[in-house]
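I have placed the structure first, in the form of structure tokens, so that the comments after it can refer back to it.
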Amino acid sequence: MKLVAISGGSRGLGLALAKGYLEAGYQVVEFSRSAPHAFSVPADFSDPEGARAAVAAELGRLAALEYQEIVIVNNAATVQPIGPTSRKEPAEVLYSLNVNVSSAVLFLSEAIRKFQAHPCRKTIVNISSGAALRPYYGWSLYCASKACLETFVRSVALEQGAEPHPFLAISIEPGIIDTEMQAAIRASSEHDFPDLKRFVELKRSGALRSAEQVADAIRSIVRQNHGNGVRYEVRDFAG
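Numbering (this note's numbering), first residue to last: 2 to 240.
Set out below in structure tokens:
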């Protein structure tokens with residue numbers, strides 16, 4: 002049996018990954034607030050402790066079984082609020098950090114805790130972004146969050162090197178995907194996001210990859226990966 006656990010798998014890239022792994026014969030569980038699928042478990046990542054408890058309960062149940070492979074995908078994220086943080090309410094800032102950082106760290110930490118002793122091939126996949134490496138006006142929270150998670154995953158990779166049954170921990174930059182996140186970006190204002198016209202043009206010109214194309218490339222990267230703490234870019238694997 003092979004297992005995939007995904008945060009934020011209700012739609013977009015997370016859903017495309019879930020469907021791809023299901024078709025490949027994996028058992029799939031996804032955690033999201035809406036939890037719309039037969040393989041979904043409700044978890045509101047804006048509430049880190051509540052989401053952690055839901056994840057811990059489900060992964061604890063699954064950890065009682067034996068697996069040939071385990072893949073943990075940290076995908077849940079929000080680009081909101083768009084605009085300088087000085088213009089945002091504290092609740093908006095905390096919402097972003099809770100979803101993108103606190104809940105992500107807790108999700109991955111629970112997965113490691115529950116499956117550390119399993120002797121099979123195990124991979125942590127952090128869905129990153131180009132925003133982890135370069136700043137964007139209006140995306141200070143999103144950029145900081147993605148950079149934080151990449152550093153976290155590299156540190157986890159070092160820690161796992163000391164374990165008898167280690168996880169491989171990697172980050173993957175998916176590129177710009179035709180998802181609801183991109184729609185939200187295009188719905189923002191130039192006042193908050195001066196790069197708006199470029200993102201509108203990417204959509205108009207058909208330059209966005211589909212979630213399915215990116216999911217296929219990510220699954221290929223995970224299959225081929227033998228490194229730890231490595232950062233991959235989908236553009237190097239997708240047509």
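We treat Cβ as the ideally placed atom computed from N, Cα and C, and that holds for glycine.
Mind checking which residues open and close the beta strand (DSSP E) that includes residue i?
{"i": "R122", "result": "122-128"}
{"i": "Q28", "result": "28-33"}
{"i": "Y233", "result": "232-234"}
{"i": "L4", "result": "3-8"}
{"i": "V42", "result": "41-43"}
{"i": "A170", "result": "169-174"}
So, does the CB of residue i fall closer than 7 angstroms to a CB anywhere in chain D?
{"i": "T86", "result": "Of the chains in the structure shown, none is chain D; there is only one protein chain."}
Hey, out of the options, whose CA is closest to residue i's CA?
{"i": "E191", "options": "G139, D179, G162, A55", "result": "G139"}
{"i": "R122", "options": "R210, V56, T152, H227", "result": "H227"}
{"i": "F46", "options": "E67, A105, E93, V94", "result": "A105"}
{"i": "A54", "options": "F108, L134, S172, R236", "result": "F108"}
{"i": "S172", "options": "C149, G26, S206, A163", "result": "C149"}
{"i": "K3", "options": "V80, T152, L63, V154", "result": "L63"}
{"i": "I71", "options": "A77, I177, A118, F40", "result": "A118"}
{"i": "L14", "options": "G26, L134, E31, A25", "result": "E31"}
{"i": "A19", "options": "N229, G230, V215", "result": "V215"}
{"i": "A78", "options": "P136, S97, A57", "result": "S97"}
{"i": "G162", "options": "A145, E24, G230, A25", "result": "G230"}
{"i": "S110", "options": "E213, E151, S221, V157", "result": "V157"}
{"i": "A17", "options": "Y233, T152, E213", "result": "E213"}
{"i": "Q69", "options": "V94, P120, L23", "result": "P120"}
{"i": "G131", "options": "L159, A208, L95, V235", "result": "V235"}
{"i": "P136", "options": "L159, V94, P195, E160", "result": "P195"}
{"i": "K204", "options": "I177, E160, D217", "result": "I177"}
So residue i and residue j are supposed to be a Cβ contact under 8 angstroms. How far apart are they, rounded?
{"i": "K115", "j": "G61", "result": "6 angstroms"}
{"i": "N101", "j": "S8", "result": "With a Cβ gap of about 11 angstroms, N101 and S8 do not count as contacting."}
{"i": "D211", "j": "D179", "result": "Here residue 211 is Ser; the residue named in the question, Asp, does not match the sequence. That pair is a contact at about 6 angstroms."}
{"i": "V29", "j": "A44", "result": "About 15 angstroms; that fails the 8 angstroms criterion."}
{"i": "I83", "j": "D193", "result": "5 angstroms"}
Alpha carbon to alpha carbon, how far is residue i from residue j?
{"i": "P85", "j": "G10", "result": "28 angstroms"}
{"i": "F198", "j": "A112", "result": "In the sequence as presented, Phe is not what sits at residue 198; that position holds Lys. In a straight line, the C-alpha of K198 is about 40 angstroms away from that of A112."}
{"i": "E67", "j": "V223", "result": "20 angstroms"}
{"i": "A239", "j": "Y143", "result": "25 angstroms"}
{"i": "I219", "j": "K89", "result": "34 angstroms"}
{"i": "S87", "j": "V80", "result": "16 angstroms"}
{"i": "V5", "j": "P91", "result": "35 angstroms"}
{"i": "S206", "j": "V154", "result": "34 angstroms"}
{"i": "A59", "j": "F40", "result": "As written in the sequence, residue 59 is Glu, which differs from the Ala given in the question. Cα-Cα distance, rounded: 11 angstroms."}
{"i": "G26", "j": "A145", "result": "36 angstroms"}
{"i": "E181", "j": "P175", "result": "15 angstroms"}
{"i": "L95", "j": "S103", "result": "10 angstroms"}
{"i": "Y22", "j": "R12", "result": "14 angstroms"}
{"i": "E151", "j": "Q225", "result": "20 angstroms"}
{"i": "V159", "j": "P49", "result": "A small fix is needed here, since residue 159 is Leu in this sequence, not Val. Distance between the alpha carbons of L159 and P49 is about 25 angstroms."}
{"i": "D217", "j": "L209", "result": "15 angstroms"}
{"i": "E24", "j": "A65", "result": "24 angstroms"}
Consider the C-beta atom of residue i and the heavy atoms of the ligand MN; say whether any pair is separated by less than 6 angstroms.
{"i": "Q117", "result": "This structure does not include the ligand MN; it has no bound ligands of any sort."}
Just curious, the alpha helix (DSSP H) that residue i is in, first and last residue?
{"i": "A185", "result": "181-187"}
{"i": "I73", "result": "No alpha helix (DSSP H) contains I73, which is instead part of the beta strand (DSSP E) from 70-75."}
{"i": "P136", "result": "P136 -> no alpha helix (DSSP H), and no H or E assigned at all."}
{"i": "K198", "result": "197-205"}
{"i": "E90", "result": "Neither: E90 is in no alpha helix (DSSP H) and is coded neither H nor E."}
{"i": "F116", "result": "104-116"}
Touching or not, the stretch 182-193 and the stretch 155-169, by the rule of three or more beta carbon pairs under 8 angstroms? no
Meets three-Cβ-pair contact criterion under 8 angstroms: the stretch 26-42 and the stretch 120-129: The stretch 26-42 vs the stretch 120-129: no contact.
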